[in-house]
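So the structure is just underneath, and the comments pick up after that.
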Amino acid sequence: MKLTCPHCQEKFNSKDINHINKSSIYAEKQCPSCLAWFCQNKKLTLIKITGISLLLLTSVLNILNIYSEYQLVFSTVGFVGILVALIITFFGKNEKVGQPNT
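Using our numbering, the letters of the sequence shown correspond one by one to residues 1 to 102.
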């Protein structure tokens, strides 16, 4: 997958990233060409985590057959949640950060 550095606008492969800081829920990466740090937009990251959590919660409710009369609603909400998470993952905007949070 090709990424674009928000600082130098250089396009590079995600496999070329050597330094990743995973100290918080925001994974900060370092551009291999200009060495600037960037991460995905923080609001989009929170929405992505919410979408994944919705999928997890609705899947558990469906598996355990809790509130079985709402099974279709749970499946729909879980599908929408993971769809939002996938869209943000592939089309989310990266933004520059000053120094990595360690």
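Using N, Cα and C, we set each Cβ at its ideal position, and we do this for glycine too.
Source: prediction; values computed, not measured.
Item                                                                                                                                        : Value
Just to confirm, is the Cβ distance from F38 to K96 under 8 Å?                                                                              : yes
Count the other CB atoms within 10 Å of the CB of E69; is the residue buried (16 or more) or exposed (fewer)?                               : exposed
Buried or exposed, going by whether 16 or more other CB atoms sit within 10 Å of the CB of I88?                                             : buried
What's the gap between the Cα of L35 and the Cα of S14?                                                                                     : 14 Å
Which residues share a DSSP beta bridge with I20?                                                                                           : K29
Less than 8 Å between C-beta atoms, sequence neighbours within five positions excluded: which residues of the same chain meet that for V77? : L54, T58
Which residues share a DSSP beta bridge with T89?                                                                                           : Answer is none; T89 lacks a bridge partner.
How many Å lie between N65 and F90 at the Cα?                                                                                               : 32 Å
Cα-Cα, which of L56, H7, K2 is closest to A85?                                                                                              : L56
Could you tell me which of H7, V73, G98 sits nearest to S33, measuring between CA atoms?                                                    : H7
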